[in-house]
Structure formats: C-alpha cells, structure tokens
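For any residue, its number in this note's numbering is found by taking its place in the sequence shown, counting from 1, and adding 25.
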Amino acid sequence: MLSFLFHSFAWLCVSYVLFLVVQLVRIFLNDCDLILSLYERWGKRPEAVLAGKVVWITGASSGIGEAIAYELAKAGARLILSARGEEDLRRVANKCRELSPISCRDAHLVLVLDLLDTEQHGPLTAKAVEQNGHIDVLINNAGSSQRAVVLDTDLKVDRAVLELNTIGTVSLTKCVLPHMVERGQGSIVVISSVAGVIGSPGSASYSMSKHALHGFFNTLRMEVAENGVTVHMVCPGPVDTPYFKRQFGPVLGKGPEVIRDPGKKDRTRVTAERCAQLTVVALANRLDEVWISKNPILFFTYMFHYCPLLANWLGKRIGGNRAKAIKAGEKVIDDSFFSSMKKTE
26 MLSFLFHSFA WLCVSYVLFL VVQLVRIFLN DCDLILSLYE RWGKRPEAVL AGKVVWITGA
86 SSGIGEAIAY ELAKAGARLI LSARGEEDLR RVANKCRELS PISCRDAHLV LVLDLLDTEQ
146 HGPLTAKAVE QNGHIDVLIN NAGSSQRAVV LDTDLKVDRA VLELNTIGTV SLTKCVLPHM
206 VERGQGSIVV ISSVAGVIGS PGSASYSMSK HALHGFFNTL RMEVAENGVT VHMVCPGPVD
266 TPYFKRQFGP VLGKGPEVIR DPGKKDRTRV TAERCAQLTV VALANRLDEV WISKNPILFF
326 TYMFHYCPLL ANWLGKRIGG NRAKAIKAGE KVIDDSFFSS MKKTE
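This is the structure:
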C-alpha cells in the first residue's frame, strides 16, 4: 500500500513538472500571455459576441487603432472612428465598409476628436449617442510615446505626455461612463502598454502615463462591476507601427535623438494586425488584463510579476547601459531592449 502511494505521488510530481515545462515552452513560443492564448483557441468567437455592437475607437486613423477597426468591422460591429485627421479616418471608414457584413456597411461614423480638447468630449459623446442610440464599447487607443532619459527630459514633456495619454483618456471615459451605467451594460477597453506594468528605461514619461492608466482603470473596474460595466487593460509590447515617428523627445517640439530603424524588419515586434486580433479576442471574452508581446519582453514581463528580485537585478543592468546610449545618441535597443536604433539626422 505504501509502495503504491509512493509511486502514485512520484507520478503526480513528474506530471506536474512536465505540465510546468510545457507551459514554459508555450510562454517562449507565444506572442501573448498564456490565458489570452487559451481563450484565442477555445474562447468565444468575436463575431458571435460583437456583431451589431456600437464600438467607439479613438486613435483609429493609423496603427493599432486602424487594425482594430478592421477586425471589428469583419466581426459585424458598428463603428465610431475618431482621431484628429479626418481624411485618414474616412479612408479607414471606407475600408471598414468593404470588410463589414452588408447590414453594417452604412453604420460606421467618422467623428473627429482631439484628445487634448477635453471641453469637446462631452458634446462629441452626445453626438455619438444621438447618431447610434447608444455606445456598447469604448476603446481608448489614442496617445503617443516618448523617448529621452529622465535627466534630459523637461518637465513640460512629462506634463504633455500625461495630459495626452492619461488625462485625455480619463476625460473621454468619464463622458461615456454615465451612459453605460444608466444602460446597465458596456465595456471600456484601454490600450495601455507593457510599459504600464514594468518600467521602460528611456521612456519614463510614457511609462508614468501608462502606469497611471492602470491605477485609474483597475480601480474603476471594481467600482462599476455591479453596474454591468467591464474594464479591460490591453498591454502590447513593441508593435510594428508608424507610432515611433510621433514620439515626444526631451523637450516639447523636438523629437527623440534616436528612432527605430524603419528599414529593418524587427522580429521582436508584433504586427498591428496581430495585436488587433488579440485585443478583439480579449474584449469578446471579457479578460481584465492581457499582455501582447513577443519574447524576450513577454518573458521579462512574467519575470517582473513572479520573480521580481531577479527581474529588477537584470533591469538595473540593462536600463543603465541603455540610458547612457540614448544620452550619447548611439545605436541602442528600443522598447524590446533588443532591436536596432539609429540616430536621427
């Protein structure tokens, strides 16, 4: 009897170790966190959940926002597309009509929005509700990045990044939220960043703004859960978009000293299309927080959560060298810590 119990326990231990090894391999091979990858395979299909839903997307004229618009159009959602550039928005809207089911082709609305002009957020929300009857989902995607070491960054840049990425997003959400609470349903999606859950040397202002989003929206999730409103944090790592062209630098009006080399294909970056696919999966399955990134950043994010002592030790050694290289205007690693950069001309 004791021998049987011993062998059973041994097999149980071996099985558990093998399970952990398999999951570790999955982490290294995946471009998203383990839970999201499982829901992508076995969870609800976006078209089954989001068809006919009214979805407002900010920053919809390019990059991740544009790609999300196309994914939702294919799923049959009715879209409100917002950004500052009306011409680009109309281009995106036209493509969305081509991708949409016939019943939704005339349902997409273009609504020009400046996230910094908070006085207009209320009237624009009222217009969106008037045109569509209601808003089911708000996807807060608009924002910008920043690159400069802390010692070189003017305080005006810190304020500007915070105003755009955090205050602007909070302002629009506060305008839409009462409508959702009154209806007893709704979803708020925030396109944050891996830099919102771990530090990002050379982008402290950006990381600050994203950490602030997590503090606000994680609290909001708890406050409005009983009202039927869900809040979802999407945290991409490096994504292959034109985003880096519009980064803040060390002073207002001046771009960063280094940019990512646009001519080099970067295997550590997720495409905007893939990021959009996974974002829509997260929304359809109501996942509170997801990470979308290739390795080594995905593994580094896991390390910061489950092995912070080692992660901080490693981060201090990588971050210091990276900050020195940025300050000197040399080739340095980008958000992924490993990709090519070049000095701006």
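Positions of the beta carbon are idealized from the N, C-alpha and C atoms, including for glycine.
Given the structure is predicted, the values throughout are model-derived calculations rather than measurements.
Inter-residue CB distance, residue i and residue j (contact presumed, cutoff 8 Å)
| i | j | result |
| --- | --- | --- |
| Val206 | Val162 | Actually they are not in contact, since the Cβ atoms of Val206 and Val162 sit about 14 Å apart, beyond 8 Å. |
| Arg172 | Ser232 | At roughly 11 Å, the Cβ-Cβ gap does not stay under 8 Å, so Arg172 and Ser232 are not in contact. |
For residue i, the three-state DSSP class (helix, strand or coil)
| i | result |
| --- | --- |
| Asn243 | helix |
| Ile223 | coil |
| Ser86 | coil |
| Asp265 | strand |
| Val137 | coil |
| Asn190 | helix |
| Thr296 | strand |
| Val371 | Examination of residue 371 is not possible in this model, given that the chain is present from 26 through 370 alone. |
| Gly278 | coil |
Option nearest residue i by Cα separation, candidates the options
| i | options | result |
| --- | --- | --- |
| Arg109 | Ala85, Asn119 and Leu202 | Ala85 |
| Arg70 | Gly88, Trp81, Cys57 and Ala100 | Ala100 |
| Ser196 | Asn165, Leu180, Ile223 and Ser212 | Asn165 |
| Leu304 | His204, Val79 and Ser217 | Here residue 304 turns out to be Thr, not Leu, going by the sequence shown. Closest option to Thr304, Cα to Cα, is Ser217. |
| Ala301 | Val154, Leu141, Val215 and Gly211 | Val215 |
| Ala167 | Asp58, Leu138 and Leu308 | Leu138 |
| Ile93 | Gly193, Val256, Ser230 and Thr266 | Thr266 |
| Asp56 | Cys260, Ile223 and Asp183 | Cys260 |
| Trp250 | Asp183, Ile223, Gly240 and Gly211 | Going by the sequence as given, residue 250 is Ala instead of Trp. With distances taken between Cα atoms, Ala250 lies closest to Gly211. |
| Thr198 | Glu298, Asn119, His133 and His257 | His257 |
Endpoints, the alpha helix (DSSP H) within which residue i is located
| i | result |
| --- | --- |
| Val256 | No alpha helix (DSSP H) holds Val256; the beta strand (DSSP E) holding it covers Val254 to Pro261. |
| Asn320 | Where Asn320 is concerned, there is no enclosing alpha helix (DSSP H), given that its DSSP letter is neither H nor E. |
| Ser196 | Gly193 to Arg208 |
| Leu63 | Leu59 to Trp67 |
| Leu124 | Glu111 to Leu124 |
| Val182 | Leu180 to Leu187 |
| Val175 | Per DSSP, Val175 belongs to no alpha helix (DSSP H) and is neither H nor E. |
| Glu72 | Pro71 to Leu75 |
Status (buried if at least 16 other CB within 10 Å, exposed otherwise) for residue i
| i | result |
| --- | --- |
| Pro226 | buried |
| Leu114 | buried |
| Val315 | buried |
| Ala102 | buried |
| Trp81 | buried |
| Val276 | exposed |
| Leu176 | exposed |
| Glu155 | exposed |
| Pro263 | buried |
| Arg66 | exposed |
| Thr178 | buried |
| Lys319 | buried |
| Tyr64 | buried |
Start-to-end residues for the beta strand (DSSP E) that takes in residue i
| i | result |
| --- | --- |
| Asn165 | Val162 to Asn165 |
| Val214 | Gly211 to Ile216 |
| Leu104 | Arg103 to Ser107 |
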